[in-house]
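J.: Here it is: the structure, laid out below.
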């Protein structure tokens with residue numbers, strides 16, 4: 087099988103592959119206890135090995151080309167950093183919203199009560215907590231969040 091790409095398509099493929107590898111592996115340190123997903127890293131390496139052929143040598147460090155290892159350059163990393171930052175920002179607000187809403191809901195209702203709720207009932211009972219945190223975070227961000235001792 088042969089797949090053909092325009093230069094623009096290949097540049098976007100580099101971004102997608104890099105971001106996919108970043109999402110899968112950035113949270114792992116590569117140790118035996120916390121291994122990276124090598125199969126995903128290998129795909130990134132393979133795609134990056136063609137970068138020079140498309141005129142993107144500025145995006146790939148190929149010092150280890152003899153060992154068939156290709157790495158994104160700092161220039162490339164800086165170019166895609168906006169995607170990472172936007173993703174992290176959105177995830178942060180989603181996570182804090184759901185975690186605080188769920189926490190408050192679970193403080194009000196026991197595990198037993200929650201397990202007996204039908205889906206519709208649960209959604210209805212969760213709604214006041216969702217609304218509270220939606221309003222708080224949209225109007226004040228994290229400004230009023232503090233730890234009480």
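In my numbering, the protein residues as written are 87 to 235.
For every residue, glycine included, the Cβ atom is placed at its ideal position computed from N, Cα and C.
With a cut-off of 8 angstroms, do at least 3 Cβ pairs link the segment 180-190 to the segment 205-218?
T.: Two segments are said to touch when three or more pairs of C-beta atoms, one from each, lie closer than 8 angstroms; by this definition the segment 180-190 touches the segment 205-218.
J.: For the alpha helix (DSSP H) containing residue 211, name the first residue and the last one.
T.: 205-226
J.: Assuming residue 165 is part of the alpha helix (DSSP H), what are its boundary residues?
T.: 160-194
J.: Buried or exposed, going by whether 16 or more other CB atoms sit within 10 Å of the CB of residue 219?
T.: By the neighbour-count rule (16 or more Cβ atoms within 10 Å), residue 219 is buried.
J.: Quick check: residue 127 and residue 111, are their CB atoms within less than 8 angstroms of each other?
T.: Their beta carbons are under 8 angstroms apart, which means residue 127 touches residue 111 by this criterion.
J.: From residue 106 to residue 174, what distance separates their C-alpha atoms?
T.: In a straight line, the C-alpha of residue 106 is about 14 angstroms away from that of residue 174.
J.: When the distance is taken between beta carbons, is residue 131 closer than 8 angstroms to residue 91?
T.: no
J.: Cutting at 7 angstroms between CB atoms, please list the residues of its own chain near residue 123, excluding the five before and the five after it.
T.: 110, 111
J.: So who's on the other strand from residue 147, going by DSSP bridges?
T.: Note: residue 147 sits in a beta bridge opposite 157.
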